[in-house]
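Since the structure comes first, as structure tokens, the remarks are kept for the end.
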Amino acid sequence: MSNESRTLRQDQSQIQSDGQQLPSLEEQILDLLLESGELTEQSLDRGRRAAHLNGERIDLVLNKLGLISDETLVAAWAALTGFPIASKDKFPDEPVLAEILKGSYLLYARVLPLGLESGTLELALMDPLDDFSVRAIQAKTGKQVKRYLARPGELMVALEQLYDRKLPASFDGEIVSDSAFATDIELLRDQASDAPVIRLVTAIIDKAIEQRASDIHITAERGNTRIRYRLDGMLHDMQAPPPQFHAAIVSRLKIMAGMDIAEQRLPQDGRIRIVWRGREVDLRIATMPHLHGEGVVLRILDRSSIALDLPSLGFSEATVSSLQQVLRQPHGIFLVTGPTGSGKTTTLYAALKMLTDPNKNILTVEDPIEYQLDGITQIQVDQKIGLDFARVLRSVLRQDPDTIMVGEIRDRETAAIANQAALTGHFVLATLHTNTAVSALPRLVDMGVEPYLLASTLRATMAQRLVRRLCRHCRNETFTNGLEFRANSNIPSNGFSCFEPIGCQACQGTGYVGRSALTEFAPITAEAPRVCRRLHLPNRMEP
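Position one of the sequence shown corresponds to residue 1400 (our numbering), numbered consecutively onward.
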């Protein structure tokens, strides 16, 4: 038994025997989290109630409920036990002592051998109090063990990659055909609640979030089910489950989103909120009947993965400076344009974060609300009950707002009300579907906004696109002669260094990690009235 294991057990036994004097390790970790401000008394009370009902350890319950993150919990245990934290760089490329330690046991125990250092086996643990697994591995290998703490998400990914645990490896259940599902709703509901289907859906979602996917596409094809993840704007095929699971997967997702599983002929929308490794993640789900069965698209909204900061999003200093000047205006309209998926809403969220002020009343009208922002009142549009953008916007003007964000200007009425709000002293931020910044003007005129009003209210428009970033771990430096870049005087004539994508484990073999914004900023200057007069064509104003 290693000195570290023996010391920890002695500390535990001493704490248990002197319980009246010293708190337990679990209580010590809670005190540490409270003192650091990472945990509140209200959250602790909620966790205690859940732990009492489930019979689980309270720190693990707090993590499952999303009240403390993986990073926070691991850092607190490291501070309490003194065990170092194993980073991803320390994980091995090949299994360590594979001839002795079985991958099935390591996956079950959630421990990862990192390597041998001077005859000592370095072992990464998910649970610092798991003394049994440490002693079992020590007895099996005959080596001393040095403990490391690992973040649960990183540890599970490493275990799956090293020991080839596919998604999923096997299914222990009987699944009937899709035609039977379509005719027996009760059977469909039962099958969607079976353990194999639940594990399969959970694995699909878990792997998508782990790989930083923005969307999950589940499509029924002839005799096949296709699953694709959208990574950095590109769709990638993933391992597909057996086709007979397709209807059960769709039904399981419908149940999670509170949708009608009996309705298979019409599109449906819903939302799922889950706790993934200590943090809340929202999933927007949309179903659509296809030729060979229902298809599902899930949009993953993980606020922790989005930096609501303009420089971090890839905006240049000049663009940020110009945008700050526009946002300082007391009234007017600022438009962000671009196609679907170009990051318009994220840009507006970052702009709102810059405007957040306790002395201002900031309201948003969105469909749907993608990320919850502190200090800002957000309103959800609901078309089913007639609560559309125009109706909400008319009511919002009676709520004494200073700044209003409109998720999207879609029709003439919304455009007219937004323009009227800017005329009456409010600052309005909105998105619009156009390809360039300048084309926002004729687009609004087409919607029925008077050109002379645009000259008075519009402060700036900005078009943006997203481009993929090269992975910093595997990008390859090359040399280019630079002849095609002679227009740029800053580039030397003898050439320059550039990089090309290669692909590695960190970027899932794509060569790219994350995306950056390219923008076209068009401030409205004194030339605007003359330009808007040119747009005032009679046929554009006719319905």
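We treat Cβ as the ideally placed atom computed from N, Cα and C, and that holds for glycine.
For residue i: DSSP bridge partner residues
i, result
"Ser1915", "Val1866"
"Asp1614", "Arg1629, Arg1698"
"Asp1686", "The sequence shown places Thr at residue 1686, not Asp. DSSP lists Gln1667, Val1695 as partners of Thr1686."
"Glu1876", "Phe1898"
"Phe1920", "Met1861"
"Ile1673", "Val1680"
"Tyr1547", "Ala1523"
"Phe1388", "This structure leaves residue 1388 out entirely; the chain is present only between 1400 and 1942."
"Val1764", "Ile1778, Val1805"
"Thr1718", "Looking at the DSSP assignment, Thr1718 forms no beta bridge with any residue, so it has no partner."
"Ala1619", "Thr1624"
"Ile1484", "Leu1548"
For residue i, three-class secondary structure by DSSP
i, result
"Lys1759", "coil"
"Gln1777", "strand"
"Ile1803", "strand"
"Ile1597", "helix"
"Thr1860", "strand"
"His1825", "coil"
"Pro1512", "strand"
"Leu1524", "strand"
"His1635", "strand"
"Asp1681", "strand"
"Leu1554", "helix"
"Ile1604", "helix"
"Leu1786", "strand"
"Ser1412", "Note that Ser1412 scores 41 on pLDDT, short of 50, meaning its location in the model is unreliable and no value can be drawn from it."
"Thr1739", "coil"
"Tyr1748", "helix"
"Leu1459", "helix"
"Asp1444", "helix"
Per-residue burial, residue i [other beta carbons within 10 Å of its own, 16 or more giving buried]
i, result
"Met1633", "exposed"
"Gly1731", "buried"
"Ala1717", "exposed"
"Tyr1748", "buried"
"Leu1936", "At Leu1936 the pLDDT is 44, less than 50, meaning the model places this residue with poor confidence; the figure from the coordinates comes in the next sentence. When all chains shown are included, Leu1936 counts as exposed."
"Asp1458", "buried"
"Arg1645", "Per the sequence presented here, residue 1645 reads as His, with Arg not at that position. His1645 comes out buried."
"Gln1663", "buried"
"Gly1740", "exposed"
"Leu1372", "This structure gives no information on residue 1372, because the portion of the chain shown stretches from 1400 to 1942."
"Thr1823", "exposed"
"Thr1835", "exposed"
"Val1674", "exposed"
"Met1687", "exposed"
"Glu1426", "exposed"
"His1451", "exposed"
"Gln1441", "exposed"
"Thr1833", "buried"
"His1825", "buried"
C-beta atoms of residue i and residue j nearer than 8 Å
i, j, result
"Arg1698", "Asp1614", "yes"
"Leu1700", "Thr1746", "no"
"Leu1438", "Leu1479", "no"
"Ala1815", "Cys1870", "no"
"Ala1602", "Leu1630", "no"
"Val1844", "Val1805", "no"
"Asn1875", "Val1848", "no"
"Tyr1547", "Pro1483", "yes"
"Thr1830", "Glu1807", "yes"
"Gly1519", "Lys1539", "In the sequence as displayed, the identity of residue 1519 is Thr instead of Gly. Taking 8 Å as the Cβ cut-off, Thr1519 and Lys1539 do not qualify as a contacting pair."
"Ile1648", "Met1637", "no"
"Gln1863", "Gly1742", "yes"
"Leu1853", "Ala1820", "no"
"Ala1921", "Phe1714", "no"
Sequence-distant residues of its chain with Cβ nearer than 7 Å to residue i (five each side left out)
i, result
"Gly1514", "Pro1491, Val1495, Glu1521"
"Glu1609", "Gly1552, Val1556"
"Ile1923", "Leu1857, Arg1858, Ala1859"
"Ala1475", "Ile1428, Leu1431, Leu1432"
"Ile1775", "Leu1751, Thr1755, Ile1761, Thr1763"
"Gly1913", "Asp1631, Arg1868"
Other residues of its chain near residue i: CB distance less than 6 Å, five sequence neighbours each side excluded
i, result
"Asp1801", "Lys1759, Asn1760"
"Gln1779", "Ile1768"
"Gly1908", "Gly1902"
"Arg1509", "Met1525"
is_contact[residue i, chain C] using C-beta, thresh 8 Å
i, result
"Asp1636", "Judged by its chain identifiers, the structure shown contains no chain C, having just a single protein chain."
Cβ-based neighbour list, residue i, same chain, cut-off 8 Å, excluding 5 preceding and 5 following
i, result
"His1691", "Ala1619, Glu1620, Arg1621"
"Val1600", "Ile1648, Arg1651, Leu1652, Met1655"
"Ala1750", "Leu1709, Leu1722, Leu1726, Phe1733, Leu1828"
"Glu1516", "Lys1545"
Closer than 7 Å: residue i CB and nearest the ligand COA heavy atom
i, result
"Ser1532", "This structure lacks the ligand COA; in fact it carries no ligand of any kind."
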